[in-house]
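These notes are about the structure you will find just below.
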Amino acid sequence: MTALDDDTTTDARLPFHMRGNYAPVMEEIEAFDLPVTGSLPTDLNGRYFRNGANPMHGPTMHWFAGDGMLHGIRLRDGKAEWYRNRWVRTKALAGADRMDALTGTMDLTVGLANTHVVRHAGTIFALEEGSLPNVISPELDTLGPYDFGGKLATPFTAHPHTCAETGEMHFFGYELISAPFVTYHVADAAGNLIHSQPIEVAGPTMVHDFALSRNYAIFLDMPVVFDLDLAIQGGMPFQWRESYGARIGLLHRDRARQGEQPRWFDVDLCYVFHIMNAWESADGNTVYLDGGRHASMWKGGADKFEPCYMHRWAFDLTTGKVTEEQLDDVSHAFPRIDDRRTGLLNRYGWAVGPRHGADPNSQTAPTNVMKYDLQTGQRTTHDFGPTMMSGEPVFVPASDAAGEDEGYLVTYLYDTSSNSSSFVVLDAADMNAAPIATVPLPQRIPHGFHGSWFADE
Ligand SMILES: [Fe+2]
């Protein structure tokens, strides 16, 4: 293949998300018994699925507005049994509108399903924050929208978090036209929706992620706000609005069941797309939140993504004060942890970062995987080389008993020099080690969003 295959272009008249490896692939393929460089660990038995925007019908108004496409690889007994890519067969892909033009009501079953793919209580969901989840089969077939037996009456975030101790999946949905703008939900470990509660915020804020600690659900209420005029114009309907302010709310998970609202802490103006984790001090008096802080978001247009830096917010529940600390001076994207530490003190985290010397504002510069050791404050990096771009690193423990970084990082890589993609397995404990295994893939995988490892159950 050449560096500019037929399906990629550098035509600057197109938005960035339709150029180069952001451009969609138009074929659905599958391949079996893939060649492997190195050796796939025999304890990696399961599937890695990753979601992303892959517009079927030409340029979209924003990177986030493309139809969801899943790229999956199935590993078993040291073999890469198959790779497959499939559009999520949403109602939107079939041409349905989210909003009824006559009544103005939103159809929650219509969405793009393009942002994340997670599993809870044995069910795989493709997620996009404006609609209900779509259920996906282990073979990447779409089984349809899911509303928890008629109980879920709001959109479903792309970033639910599953409590490491209770197995509950905590999530929320946000809406744009009328209050409640944010609703908090809990599904039990068996997948039953057991709690739904409006969260009082001042307006239609865009809430991409939230966090969970042992006792609190933590809400971000930040100044990227829905604008009806922008929506009518057909553009990205959110804009940076400083007057909205920025605050973070801690909702006690048990007292929420009695209807208690979050305790809000005003923070310096910022936007947070992704949190890394939250946890509590041993005495329970301080709650810590680590996440990627953008000084602003979409200030000069919705294609302008300001870089984000890892920050820690410490909420003192006795004094009601919050302090903010920058943890790293290198920007990052897509922070992940060992999900078995969700809500608990974590020592390690991983994220995508710019290759040394690369422009952190560039959408086409080489990227690496970084590892944070939050105990020592050290950052180490796995350097993929000058032509490579990494996807979100997903941690897979080597076994149920494995320690926090004892396992693997899996992701898709894109090589700008060959316009090709591969699946890679790294040693999560040692960023300096060469990849354990690389699986060259039969087509390029466009830059996308989030993914998960689904171990065989
Ligand atoms: Fe996200």
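Under the numbering used here, the first residue of the sequence shown carries the number 444, and numbering increases by one thereafter.
Virtual Cβ for every residue (Gly too), placed ideally from N, Cα, C.
Given the structure is predicted, the values throughout are model-derived calculations rather than measurements.
For Ala601, the shortest separation between its Cβ and any heavy atom of ligand 1 lies below 7 Å. For Phe591, the distance from the CB to the nearest heavy atom of ligand 1 is not below 7 Å.
Boundaries cannot be given for Ile879, as no beta strand (DSSP E) includes it and DSSP labels it neither H nor E.
Distance from the CA of Ala474 to the CA of Arg519, rounded to the nearest whole angstrom, comes to 15 Å. In the structure shown, Asp733 falls within a strand segment according to DSSP collapsed to helix, strand and coil. Selection Pro623, Tyr526 and Phe492 evaluated against Leu570 yields Phe492 as nearest (Cα-Cα). Here DSSP, grouped into helix, strand and coil, assigns Ala757 to strand. Straight-line spacing of the CA atoms in Ser621 and Pro647 works out to 8 Å. Taking Ala508 as the centre and dropping the five residues before and after it, the same chain places the C-beta of Ala496, Pro498, Leu555 and Met679 closer than 8 Å to its C-beta, in chain order. The Cβ neighbour count for Met549, taken over all protein chains shown within 10 Å, is at least 16; the residue is labelled buried. Looking at the DSSP output, Glu723 shares a beta bridge with Val730. In the three-state reduction of the DSSP assignment, His460 falls in the helix class, which pools H, G and I. For the 8 Å CB-CB criterion, Asp816 and Tyr855 do not form a contact.
Not one heavy atom of ligand 1 lies closer than 7 Å to the C-beta of Asp733. Judged by DSSP secondary structure, Ile637 falls within the beta strand (DSSP E) whose first and last residues are Leu636 to Ile642. The beta carbons of Met753 and His825 sit about 17 Å from each other, so the pair does not count as a contact at 8 Å. Of the residues assessed, Leu483 falls on the buried side of the cut-off, its CB having 16 or more other CB atoms within 10 angstroms. If you draw a straight line from the Cα of Asp454 to the Cα of Gly677, it is about 23 Å long. In this model, Pro803 and Ala725 are separated by some 37 Å (Cα to Cα). Asp652 has its Cβ nearer than 7 Å to a heavy atom of ligand 1. Taken through DSSP and simplified to helix, strand or coil, Glu685 comes out as helix. In the displayed model, Leu551 falls within coil according to three-state DSSP, outside both helix and strand.
Here the segment 569-587 makes no contact with the segment 623-639; the two share fewer than three CB pairs at distances below 8 Å. Assignment of Gln821 by DSSP, reduced to helix, strand and coil, places it in the strand class.
Pairwise C-beta distances place the segment 461-471 in contact with the segment 525-541, as three or more of them are shorter than 8 Å.
Across the set Arg700, Met461, Phe459 and Pro467, the C-alpha of Pro467 shows the shortest separation from the C-alpha of Ile888. Secondary structure of Trp741 (DSSP, three-state): coil. Judged by their CB atoms, Glu643 and Gln704 are nearer to each other than the 8 Å cut-off.
The beta carbon of Asn811 sits closer than 7 Å to the beta carbons of Gly796, Arg798, Thr824, His825, Asp826, Phe827 and Ser833 from its chain, once the five residues preceding and following it are set aside; these are given in chain order. In terms of side-chain proximity, the C-beta atom of Thr881 is found no nearer than 7 Å to any non-hydrogen atom of ligand 1. In this structure, Trp506 lies away from His559, with their beta-carbon atoms at least 8 Å apart.
According to DSSP, Val531 shares a beta bridge with no other residue.
In this model, Val839 and Asp782 are separated by some 9 Å (Cα to Cα). Here Ala660 carries a strand assignment [DSSP, helix/strand/coil]. At least one heavy atom of ligand 1 lies less than 7 Å from the C-beta of Thr558. Looking at the DSSP output, Ala645 sits in no beta bridge, so it has no partner there.
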